[in-house]
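Peer 1: With my numbering, the residue at position 365 of the sequence shown is 407, and numbering never jumps.
Ideal Cβ positions, reconstructed from N, Cα and C, are used throughout, including at glycine.
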Amino acid sequence: MFEFTKEQEMIRAMVREFADTELAPKALEFDRKGEFPLEQVRKLGALGIIGIASSREYGGSKAGHLPAVIAVEEIARVYPSLAFILEVEQAPLYMIETWGTPDQKQAWLPPLIRGERIAAVAATEPTGGSDLSTLNTTAVANGDDYLLNGRKVYITNGGVGDWVLVLARTGERASILALEKGAPGFVVSRRQEMMGFRSGDVCELGFSNCRVPKTNLIGKEGGGQAIAMATFTVSRAAVGAVGLGIARGAFDIALKYAKERVLYGKPIANLQAIQFMLVDMDTEIDAARWLIYHPAACLDRGMGPRDIGKLSARAKYIGGEVAASVTMKAMQILGGYGVSPEYHLTRLLADAVEIFPATGTPQIMKFIQALEIVK
Numbered sequence: 043m044f045e046f047t048k049e050q051e052m053i054r055a056m057v058r059e060f061a062d063t064e065l066a067p068k069a070l071e072f073d074r075k076g077e078f079p080l081e082q083v084r085k086l087g088a089l090g091i092i093g094i095a096s097s098r099e100y101g102g103s104k105a106g107h108l109p110a111v112i113a114v115e116e117i118a119r120v121y122p123s124l125a126f127i128l129e130v131e132q133a134p135l136y137m138i139e140t141w142g143t144p145d146q147k148q149a150w151l152p153p154l155i156r157g158e159r160i161a162a163v164a165a166t167e168p169t170g171g172s173d174l175s176t177l178n179t180t181a182v183a184n185g186d187d188y189l190l191n192g193r194k195v196y197i198t199n200g201g202v203g204d205w206v207l208v209l210a211r212t213g214e215r216a217s218i219l220a221l222e223k224g225a226p227g228f229v230v231s232r233r234q235e236m237m238g239f240r241s242g243d244v245c246e247l248g249f250s251n252c253r254v255p256k257t258n259l260i261g262k263e264g265g266g267q268a269i270a271m272a273t274f275t276v277s278r279a280a281v282g283a284v285g286l287g288i289a290r291g292a293f294d295i296a297l298k299y300a301k302e303r304v305l306y307g308k309p310i311a312n313l314q315a316i317q318f319m320l321v322d323m324d325t326e327i328d329a330a331r332w333l334i335y336h337p338a339a340c341l342d343r344g345m346g347p348r349d350i351g352k353l354s355a356r357a358k359y360i361g362g363e364v365a366a367s368v369t370m371k372a373m374q375i376l377g378g379y380g381v382s383p384e385y386h387l388t389r390l391l392a393d394a395v396e397i398f399p400a401t402g403t404p405q406i407m408k409f410i411q412a413l414e415i416v417k
């Protein structure tokens with residue numbers, strides 16, 4: 043169990059109020075339109091939610107990784123697409139603050155934290171995403187620039203991003219290059235239609251002799267794979283938190299319905315079969331919560347990505363599992379209404395499925411844990 047600080051409880055209350063008042067009434071409309079929620083992202087920045095884990099020097103609050111996970115969870119209860127967008131934004135913030143130069147940090151972090159600019163990380167390619175050693179995108183030194191060539195797929199925020207941090211091969215090893223929107227040779231090839239997270243701007247990107255200044259190199263040349271893996275490790279608790287929020291949202295819908303739906307003269311919440319399902323759902327959520335919070339709390343205590351590999355993989359894995367499991371049970375409790383969009387569960391289930399491949403498939407998450415267990 044965790045004892046939350048007053049600051050953490052205040053952050054949860056603030057984000058929950060924002061989610062319930064600003065997002066919940068419009069979440070179904072947002073999902074149906076499938077448009078990127080730019081206005082809501084701007085509001086997250088204005089409230090200080092985007093920069094919760096970022097340094098005060100650049101406009102963040104440095105409240106920590108656990109408060110960032112809590113914020114993602116609270117938003118995901120009602121609008122998982124926005125929660126996932128918020129989670130994705132944490133990756134470039136972490137990369138830039140951890141490995142960026144002083145000039146890069148001063149130029150890029152403040153507008154990202156304020157929500158005035160948006161960034162993305164582009165790693166996955168058409169040939170796959172789990173094995174980063176098979177990269178085909180290349181960046182060849184040419185004077186003061188790199189010439190970037192290749193393709194990336196399933197890049198969240200890829201079309202709206204003002205900066206895209208691209209993982210590309212520079213010789214034998216990979217590097218991270220920050221590419222600015224509108225650069226010659228940089229093309230958003232298409233927006234990719236997804237089953238869930240319909241408000242997310244998921245795109246295929248193309249690079250053709252795209253010039254990237256060498257001053258936009260993040261970290262050292264050849265250090266890109268290590269940077270990417272460390273960033274994904276740090277990010278996975280927040281991905282799990284999206285699943286936790288989805289599960290909580292589905293549980294709330296099912297519980298409310300079970301108390302109001304009358305069958306044989308009494309609410310179905312009085313029926314043992316329904317009660318047992320609610321107990322299972324509540325137990326799954328509580329068990330997942332602490333597994334998901336754990337790696338974030340460890341980071342706040344000073345541990346690094348190498349220290350939390352198993353914990354973060356487990357957090358991400360359990361987030362996807364609990365989201366799908368609880369939402370399916372909720373749909374059974376609602377019966378026919380469970381598959382009606384107006385009750386939100388179909389939307390939550392579609393979003394839950396999208397968690398499985400994010401930052402690594404469930405099988406990759408198990409593989410990471412197994413390496414730690416049997417070493």
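Within 10 angstroms of its Cβ, does L177 collect 16 or more other Cβ (buried), or is it exposed?
Peer 2: Answer is buried; the Cβ neighbour count reaches 16.
Peer 1: Report the option in R356, W332, G101, E414 whose CA atom is closest to the CA atom of F398.
Peer 2: Nearest of R356, W332, G101, E414 to F398, Cα basis: R356.
Peer 1: State whether the region 50-64 contacts the region 109-125, with contact taken as three or more CB pairs (one from each stretch) at a distance under 8 Å.
Peer 2: Touching, yes, given that three or more Cβ pairs across the two stretches are closer than 8 Å.
Peer 1: Between the region 348-362 and the region 265-283, can you find at least three pairs of beta-carbon atoms closer than 8 Å?
Peer 2: Cβ pair count under 8 Å is three or more, so yes.
Peer 1: Between M237 and D393, what straight-line distance do the alpha-carbon atoms span, to the nearest angstrom?
Peer 2: Between M237 and D393, the C-alpha separation is close to 7 Å.
Peer 1: Alpha carbons only, please: which of A220, G227, I138 is nearest the one belonging to V206?
Peer 2: Closest option to V206, Cα to Cα, is A220.
Peer 1: Of all the CB atoms in chain D, is at least one closer than 8 Å to the CB of L313?
Peer 2: Going by chain labels, chain D is absent from the structure shown, which holds only one protein chain.
Peer 1: Please classify F409 as buried or exposed, where buried requires at least 16 neighbouring CB atoms within 10 angstroms.
Peer 2: F409 should be labelled exposed.
Peer 1: So what does E246 bridge to, in DSSP terms?
Peer 2: R232.
Peer 1: Expressed to the nearest angstrom, what Euclidean distance is found between the alpha-carbon atoms of E222 and V368?
Peer 2: Straight-line Cα distance between these residues: approximately 41 Å.
Peer 1: Roughly how many angstroms lie between the CA atoms of Y188 and K104, to the nearest whole one?
Peer 2: Between Y188 and K104, the C-alpha separation is close to 34 Å.
Peer 1: Measuring CB atoms only, is the region 228-243 touching the region 120-137, in the sense that at least three cross pairs come out at less than 8 Å?
Peer 2: Yes, the region 228-243 is in contact with the region 120-137.
Peer 1: Out of N251, R156, L247, which one is the CA nearest neighbour of A181?
Peer 2: It is N251 whose Cα lies nearest to the Cα of A181.
Peer 1: Terminal residues of the continuous beta strand (DSSP E) containing Y100?
Peer 2: Y100 -> no beta strand (DSSP E), and no H or E assigned at all.
Peer 1: Anyone know if the C-beta pair for G285 and G361 falls short of 8 Å?
Peer 2: Yes, these two residues count as a Cβ contact at 8 Å.
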